[in-house]
Structures are given as structure tokens and as C-alpha cells.
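Chemist: Protein chains in written order, with our numbering: chain G, 43 to 450; chain Z, 43 to 450. Let me begin by handing over the structure; questions about it come next.
See the structure below:
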């Protein structure tokens, strides 16, 4: 299923292939990467998955700073990948450009919005790829496609040259075929020093997060969880969302997800609403419905949501020691089948509310998260996630490597 | 010199006056504020101080999230203020829209880029105003105009609806006529809990920062520094830049400023370069020269600069305890005279390199900073600044209030 057997065309992962040489040699020498088409590569249009956006914006005159960092570390940039329109989806089915191949489950979606980046890595066309992650756009496709995914701590990887969606949550994410690579690329972007490997103090399995998952996902993840228990023994313990939350209200994932969505939708409208009202772009039906949500939001609720977000952020920061981790399923359900998109605005048992309930923890907490491709249900991949304290990215990436060494 | 005697027209602080009513009642009831014209107010164009930008962008369809927060806390928005073109200047002389009045020193510039916001507060036309601060754009005009200025910790006030300049440093700043107001507005934006007043542990007077200042500024600040010593006694001590820096190289402000400028210029080009290449806007001569710097930058230097930035960030974070402060002059020189702009690219004794050497500390360290309007030279204001550890904004704002209570 690797590059020898899957052609670039068949994956439909790329909007463009090219060759930008490394600027210097470094820790990423000899590696090839692709860039989500929401991130600038000099000389190429950043299309953001939408033809109107593409047609109304000129080619980028400079690389995004994150791309510059990778080229300077020795990596070679070989193309830009398809993404969901304006990065506002978790599915990976683009109405205009099609659906990048999920090679492990060709009848299912790759996940979005960094769909092509995940597909390109999963199909073995590149060593790693850049995505963005606001509400799960790197972690969800990593889980769906069975590759490693990393969302860094918010505010520590440059967003210059990356199309803004919701700045309070926007991050640049990494997808890679193994944990070593994930860590190396992550450290280049974070420009941080490597840390000596250190065992986690406590790994908190968040009870409500596992309970939220479908039965088949729970079953599939029980073995990796047992594996973590074998590896880290009594350091692994069950904890409750109540322990992370500042108040009674916060002890329900619904409140967390609602807090996240209120801010995200408000910010999306503030960032993109003016362009949408002016350019009147054509959107695919699902994306149109998603943007309609941002219009329906009562913006008087925004300030209260920002307050709750900061309250939960502080609770998480106080709860987590520097070497503690949270463990949750990356997504509560397997990748959905192609051509059958779940409704965006649904009751709490729908795909989006349940998925966001899990992905919003890192968003609200500004936490780094790694999705580990460690399980599957009948061949369909599902990720297990570890999250660390804000700014403990290097530690988290080291733990991810140690997990891979033992289970790989 | 207050609103009774200075008309809106004479100040030239505003690009537009209007009336947006509070959305609810709250801690800012009865207060009037203005918004820098780089921040969205629904229904109004965000002009960013440049006519081409203004003409090529439609009116904003939504308030920026920060504006929403203030309206929801009870404040009334009364206008948008002139700023330097695309927020890329520290002077406050706009080639197209003129120079907002610096009421304490009418023959001198107000400072930029949040020039009109500082002027509107200094002239008593509003209670407080929003600015932005990437490299000093709130702190410098606060110092020049003799008002309080606050730059928050990077990454903790929403930037949705705020025009990006250099995302790794961009913040929303506050200008206010007293410290109480500054703290109230700051806490609304940060959505943080108030903290009980607490005395600083150590206030580090950074020796090299004072040495960098002109003789008249040093003399003018000696009394406020003596005042801090009286107030906080042996907690005030002299420290050296060497104590803050991770390495030998970092013990010179030139390295800090160069690190800051390399990243800032790269990010500005990544954020605005494509628009500039496409729209070919007319710029005033100084701004054109500034943008030319972003074109001349050797972008292979960017990755190394990001590494040094993170190294200095960590040194600062490790050096500063949760209740420690740094104390520096806000600017090393008085506001320059109108019509005599200093060269942007000059040797290290020029206005820009010296000013950025001081303002870049908060930028590189992601630190919150308050500029206190506590001194003047022959009537021309000069600010003294306190900086706290990353995320210690509420503590810093409480200290600012205690300083005002004693000296006010």
C-alpha cells in the first residue's frame, strides 16, 4: 500500500506537486514533505480548498514561516495537499476537489480538514506533512488514516502565512508515519531543545472520554490501554472530567464542546465572514451549512464563553503536573463512510458534537496532543491520544517515541 | 486639555465617530471607548491606516471578539482611531490621514502605530481605547502621550477580527487614563479572575535598559525609580541583561532586537507581502521603506531567529518568579518632533533599534507589560514600564493599581 503501489493521482491527495529544495542541511535531511493548501508556499496560490478563494487570491510571495523552518532543517517540499473548504470540517470530502484516499479504508473518509496531508502520509507518498488544527483538523485525519498526528501547544508555532480560521485555537499540525519523525518535525517547528526521555508521572485515562466512544472503538482501544498499563504500570489511573473542571458545569463534555464552538464560530465569522459576505463564494452543501452556524450564533454569548474557556484552561493547567498526561480516544467513532456526511448541527449524539467533545480538550486547554495509530476495527484505523500540559510538547513527543519503541 | 477644551476634529484622533451601545451591563458600565482602525467594528471598514487597504476591503460584518467582550461588559464604542499604515511603525505620523494630537507635546509625534487611540485617551475624548501591539504599538504611544498602556501576555486575548501583522508577536493592547480602568479593561479581555493584591517578590531594574536611554530620560526616570524603592524597599534591585539571557550572545540588546526584527519582518512579509505585491498600494515614504526591509531579509535566517527567540523566552520564564517584575524605560527617548521621522534602518544608536531593544523584551518573552505615565522632561511625557512573567497579567495589573494609588 506504499508509494510503489499507490500513484499520486490515485490518492487524490495533492492539489499540486512540485519540488522546493531544502535551504540547508539539518535534522530533516533527505525527508520529503507536503503542505496543506491552507499554508503558503512561495509562488503557489493558497487555495484553502475552495475555488472562489483560490480565484480571488494571488500566489503567495513568501513561504509560511513553518515551511521556511522545515526547508532550513533539510527537508524537501514536494507538494500542496487538498483540504476541506477554508479548513472548516472534520470529514475530508471536498465538494470541488474530491476525497483523498484513506488507504486503510478506501470506502471511508480520510477525515479533515487536513485530508490530503493525512492521505499523502498514509499512502507513503511523503515522509511527513503539515496540516492545521483548530478543532481537530490534524488529529481526526491522523486517527482515520492510521498515521501519527501532532497538535502543538497553542501559540508556540508560527502562524505567519497560514490562513486564519479561529485564532484562539489555530495551530500548525504535523502528520507523520512514525513517532521519531513526528518528534523531529515537531521540535523543528517548536524550535525547542530536545528533552531527555522521562517517564510520565501519571497518565489519566479520562473515563467520560472512553464512555463517549462507540462500543467497537472502546473494544479496539482496550488492548492499547492495557499496553499502556503494562508499560507504565501504576502510573496509569482512571480519572474523571470532574477532576479537570473548575466547576459543576464543566463536568459535562457538552459544556466544553459548547464553549469551544461558541468561540470558534464567533472567531470564524470575525476572520472569514467579511470575505464571504463580499465574495459570495460557492460552497459545498455541508460547508455552507457549517458557515450558516456562524451566522446564527448569538454573539452576546461569546464573552461568557471566553470566560469559561479561560476557567477550564486554568483548571487543566493546575490539574496537570509537568509530566502528567491525559489519555483519550482521538475520535469517538470510526471514519464515516464516504458520501454520507453527518449533519453538522445535530443533537449531542451526532458525529460532530461527540468528536468535538474530545478534540476540544486540547483546544480549550491550549494543550499539545499526539494521536497514536495503535488500533483498528476490522482494518479501519482508530487513534489513541495522549495530551500533556501546556508547553510540555517536547516531553509529550518523547513519550510518544517510547510508546512506539515498545509497541512498534 | 480634556474633552471640554479639545474638540474631536482638532485631535485628528478618529477616522470615524459613531455610537455602538453596550450589549449588556457589567464592570465597564458608563465607559466610552475607541478602537484602533486595525480592529473590526461591524458595519465599518477596517482601513488599517492605508487608503488602498481601505478601498480594497469591504465593511466588517462582525465585531472583533475583543470589541464584543467590551460591549458585553457595559462599555460604549464611540469611534475608530487613526493608526499607522498596516500598523508597521512606532511614530504615529500617517502620510494620508495626518498626525493625531499629542496634547502634552503638540509639536511631537503621538507615537504609533496606535496613535489615534493614545491621542483620544490623552485628550480625554474617551475613557479608554483599544490598540494593537506587535513591536511596541500600544506601549510607545502610551509613553509618548502620557497615558497608561498595557500589552497582555501573547496568546491570551482573542485576535479574531484584528488585522494580522506578525502573529508570533501580535497582541491587542489597552490605553487608559488611569490604572484602575486599565486593569478593569485588561481583565475583561483576558476573561480572567481578579487576583488579590500581592506585593512583588523582586523588581529587577535592568541596568542595560536604563543605560540605553538618553540622559534626560534617565534623569526624568530617576525620581519614579526612587519612588519604587521607597514603596517596595529591598525588593527593588539592579539586575543585568546577562541574568535574563540564556547565553553570551543574548547578553546584548542588539541580539535581542535583531532576533525580534528577523522574525517580525519575515512574518510581516508572510502575512501582508502577497497583498502588497498584488494590490501595489501607495505607501507613505517611511512605511514604504519599512516594507522594503521585509523584502531584503534573507529568509534563511528566520529559523535560527525562531530558535533564539524560544531560547530567550525560556530563560526569561525560568528567571522570573510568579511575582517578580522587570522594570525598564518604556522608550529610550522622548517622542520625536513632528515632520522629522528617524530612519527605519539605522545603526544601533538610531531611534528604531534603540526603541525596539526595549520593546522586544515583552515580544520575545510573551510577557505582559504596563507602561506607567509617571515622568516627563520639560512637560514631554515618558513612561516607566513594569513587565511580569508570562500569564501573570492580573498580578501585574494589580501592582500597577497599587503604584497609582501611592503616586497618584
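C-beta atoms are modelled at their ideal positions from N, C-alpha and C, and glycine is treated no differently.
Using 7 angstroms as the threshold, is the C-beta distance between residue 357 of chain G and residue 287 of chain G below it?
Modeler: Position 315 of the first chain, counting from 1, holds the residue named residue 357 of chain G. Position 245 of the first chain, counting from 1, holds the residue named residue 287 of chain G. Yes, the pair counts as a contact, with Cβ atoms nearer than the cut-off.
Chemist: Run the CB neighbour count on residue 284 of chain Z, radius 10 Å, all protein chains shown included, and call it buried at 16 or more, exposed below.
Modeler: Translated into positions along the second chain, residue 284 of chain Z becomes position 242. Result: exposed.
Chemist: What do you get for residue 181 of chain G, buried or exposed, if any count of 16 or more other CB atoms within 10 angstroms of its CB means buried?
Modeler: Taking the first chain and counting its residues from 1, the one referred to as residue 181 of chain G is at position 139. Buried, because 16 or more other Cβ atoms sit within 10 Å of the Cβ of residue 181 of chain G.
Chemist: Nearest by alpha-carbon distance to residue 351 of chain G: which of G/325, G/68, G/303 and G/119 is it?
Modeler: Taking the first residue of the first chain as position 1, residue 351 of chain G is located at position 309. Out of G/325, G/68, G/303 and G/119, G/303 has the C-alpha closest to the C-alpha of residue 351 of chain G.
Chemist: I want to see whether chain G comes within less than 7 angstroms of residue 89 of chain Z, judged by CB atoms only; does it?
Modeler: In the second chain, the residue the question calls residue 89 of chain Z occupies position 47. No, no contact with chain G.
Chemist: In the structure shown, what three-state DSSP assignment does residue 45 of chain G receive?
Modeler: Indexing the first chain from 1 puts residue 45 of chain G at position 3. Model confidence at residue 45 of chain G stands at a pLDDT of 43, short of 50, so the residue's coordinates are unreliable; what they give is reported in the following sentence. Reduced to three states, the DSSP call for residue 45 of chain G is coil.
Chemist: Is there at least one non-hydrogen atom of the ligand HEM closer than 6 angstroms to the beta-carbon of residue 448 of chain Z?
Modeler: Absent from the structure shown: the ligand HEM. Ligands present: none.
Chemist: Along chain Z, in chain order, which residues have C-beta atoms closer than 7 angstroms to that of residue 312 of chain G?
Modeler: Residue numbering aside, residue 312 of chain G sits at position 270 when the first chain is read from its first letter. Under the 7 angstroms cutoff, chain Z gives 82, 104, 106, 107, 202 and 203.
Chemist: Under 8 angstroms Cβ-Cβ, which residues of chain G neighbour residue 111 of chain Z?
Modeler: If you number the second chain from 1, residue 111 of chain Z lands on position 69. Going along chain G in sequence order, the residues near residue 111 of chain Z (Cβ under 8 angstroms) are 344, 345 and 348.
Chemist: Taking residue 316 of chain Z as the query, report the chain B residues whose CB atoms sit under 8 angstroms from its CB, ordered along the chain.
Modeler: The structure shown contains no chain B; its protein chains are G and Z.
Chemist: How long is the line joining the alpha carbons of residue 332 of chain Z and residue 325 of chain Z, rounded to whole angstroms?
Modeler: The residue given as residue 332 of chain Z occupies position 290 in the second chain. The residue given as residue 325 of chain Z occupies position 283 in the second chain. About 10 angstroms.
Chemist: How about residue 282 of chain G: is its C-beta nearer than 7 angstroms to some C-beta of chain Z?
Modeler: Position 240 of the first chain, counting from 1, holds the residue named residue 282 of chain G. No, no contact with chain Z.
Chemist: Check distances from the C-beta atoms of the stretch 47 to 65 of chain G to those of chain Z and list, in chain order, the residues that come in under 7 angstroms.
Modeler: Cβ contacts with chain Z: 65.
Chemist: Only counting the same chain, and skipping five residues up and downstream in sequence, which positions put a Cβ closer than 7 angstroms to that of residue 220 of chain Z?
Modeler: What you label residue 220 of chain Z is simply residue 178 of the second chain in a count that begins at 1. Taken in chain order, the residues that qualify are 190 and 446.
Chemist: Since residue 298 of chain G and residue 335 of chain G should fall inside the 8 angstroms C-beta cutoff, what is the C-beta to C-beta distance between them, to a whole number of angstroms?
Modeler: What you label residue 298 of chain G is simply residue 256 of the first chain in a count that begins at 1. What you label residue 335 of chain G is simply residue 293 of the first chain in a count that begins at 1. At roughly 18 angstroms, the Cβ-Cβ gap does not stay under 8 angstroms, so residue 298 of chain G and residue 335 of chain G are not in contact.
Chemist: Comparing C-alpha positions only, which one of G/371, G/84, G/310 and G/59 sits nearest to residue 344 of chain G?
Modeler: Indexing the first chain from 1 puts residue 344 of chain G at position 302. That would be G/310, whose Cα lies nearest to the Cα of residue 344 of chain G.
Chemist: For the beta strand (DSSP E) that contains residue 248 of chain G, what are its first and last residues?
Modeler: Within the first chain, the letter at position 206 stands for residue 248 of chain G. Here the beta strand (DSSP E) through residue 248 of chain G covers 245 to 248.
Chemist: How many angstroms separate the CA atom of residue 97 of chain G from the CA atom of residue 89 of chain G?
Modeler: To locate residue 97 of chain G, count along the first chain from 1; it is residue 55. To locate residue 89 of chain G, count along the first chain from 1; it is residue 47. So the two alpha carbons sit approximately 8 angstroms from each other.
Chemist: Less than 8 angstroms between C-beta atoms, sequence neighbours within five positions excluded: which residues of the same chain meet that for residue 82 of chain Z?
Modeler: Taking the first residue of the second chain as position 1, residue 82 of chain Z is located at position 40. Cβ neighbours of residue 82 of chain Z beyond the five flanking positions: 88, 102, 104, 105, 106, 109, 203 and 204.
Chemist: So with CB distances below 9 angstroms, who are the chain G contacts of residue 246 of chain Z?
Modeler: Taking the first residue of the second chain as 1, we reach residue 246 of chain Z at position 204. Correct list: empty, because the minimum Cβ distance to chain G is about 23 angstroms.
Chemist: Who does residue 280 of chain Z pair with in a DSSP beta bridge?
Modeler: Translated into positions along the second chain, residue 280 of chain Z becomes position 238. Residue 280 of chain Z is bridged to Z/247.
Chemist: Express the C-alpha separation of residue 159 of chain Z and residue 186 of chain Z in angstroms, rounding to a whole number.
Modeler: Here residue 186 of chain Z is taken as the residue at index 144 of the second chain, counted from 1. Here residue 159 of chain Z is taken as the residue at index 117 of the second chain, counted from 1. The alpha-carbon atoms of residue 186 of chain Z and residue 159 of chain Z are separated by roughly 12 angstroms.
Chemist: Terminal residues of the continuous alpha helix (DSSP H) containing residue 311 of chain Z?
Modeler: Mapped onto the second chain, residue 311 of chain Z falls at position 269. Run containing residue 311 of chain Z: 295 to 321, per the alpha helix (DSSP H) assignment.
Chemist: Quick check: what's the CA-CA separation for residue 398 of chain Z versus residue 213 of chain Z?
Modeler: Translated into positions along the second chain, residue 398 of chain Z becomes position 356. Translated into positions along the second chain, residue 213 of chain Z becomes position 171. Going from the Cα of residue 398 of chain Z to the Cα of residue 213 of chain Z covers about 16 angstroms.
Chemist: Enumerate in chain order the residues of its own chain whose CB-to-CB distance from residue 260 of chain Z is below 7 angstroms, with the five nearest sequence positions on each side excluded.
Modeler: Walking along the second chain from the start, residue 260 of chain Z turns up at place 218. These residues qualify, in order along the chain: 252.
Chemist: Compute the Euclidean distance between the alpha carbons of residue 281 of chain Z and residue 368 of chain G, then round it to the nearest angstrom.
Modeler: Sequence index remark: in the second chain, residue 281 of chain Z carries index 239 (1-based). Sequence index remark: in the first chain, residue 368 of chain G carries index 326 (1-based). Rounded to whole angstroms, residue 281 of chain Z to residue 368 of chain G spans 40 angstroms at the Cα level.
Chemist: Quick one: does residue 290 of chain Z have its CB under 7 angstroms from some CB of chain G?
Modeler: Working through the second chain from its first residue, we reach residue 290 of chain Z at position 248. Output row for residue 290 of chain Z: interface = no.
Chemist: Are the C-beta of residue 319 of chain G and some C-beta of chain Z separated by less than 7 angstroms?
Modeler: Working through the first chain from its first residue, we reach residue 319 of chain G at position 277. It does; some Cβ of chain Z falls within 7 angstroms.
Chemist: For residue 178 of chain Z, which of Z/346, Z/273, Z/402 and Z/417 has the nearest alpha-carbon?
Modeler: Your numbering for residue 178 of chain Z matches position 136 in the second chain. Of the listed residues, the one whose Cα sits closest to residue 178 of chain Z is Z/402.
Chemist: By the 10 Å Cβ neighbour count, where 16 or more other Cβ atoms means buried, how is residue 337 of chain Z classified, buried or exposed?
Modeler: To locate residue 337 of chain Z, count along the second chain from 1; it is residue 295. Label assigned to residue 337 of chain Z: exposed.
Chemist: Go to residue 402 of chain Z, then tell me how far its beta strand (DSSP E) extends in each direction, as first and last residue.
Modeler: Counted from its first residue, the second chain places residue 402 of chain Z at position 360. Note, residue 402 of chain Z: premise wrong, no beta strand (DSSP E); alpha helix (DSSP H) at 393 to 407.
Chemist: Could you list which residues in chain Z have their beta carbon closer than 8 angstroms to that of residue 115 of chain G, in chain order?
Modeler: Counting from one through the first chain, the residue named residue 115 of chain G turns up at place 73. Those within 8 angstroms of residue 115 of chain G in chain Z are 345.
Chemist: Work out the CA separation of residue 218 of chain Z and residue 172 of chain Z for me, nearest whole Å.
Modeler: Translated into positions along the second chain, residue 172 of chain Z becomes position 130. Translated into positions along the second chain, residue 218 of chain Z becomes position 176. Approximately 9 angstroms between the Cα atoms of the pair.
Chemist: Verify the CB distance criterion: does residue 309 of chain G have a CB-CB separation below 7 angstroms to chain Z?
Modeler: Walking along the first chain from the start, residue 309 of chain G turns up at place 267. So yes, residue 309 of chain G belongs to the interface.
Chemist: Between which two residues does the alpha helix (DSSP H) containing residue 359 of chain G stretch?
Modeler: Start at 1 with the first residue of the first chain, and residue 359 of chain G comes out as number 317. That run of the alpha helix (DSSP H) goes 344 to 361.
Chemist: CB-CB under 7 angstroms to residue 199 of chain G, same chain, minus the five flanking residues each way: which ones, in chain order?
Modeler: For the purposes of this step, residue 199 of chain G is taken as residue 157 along the first chain, with counting starting at 1. Excluding positions up to five away in sequence, the list reads 108, 213, 214, 231 and 232.
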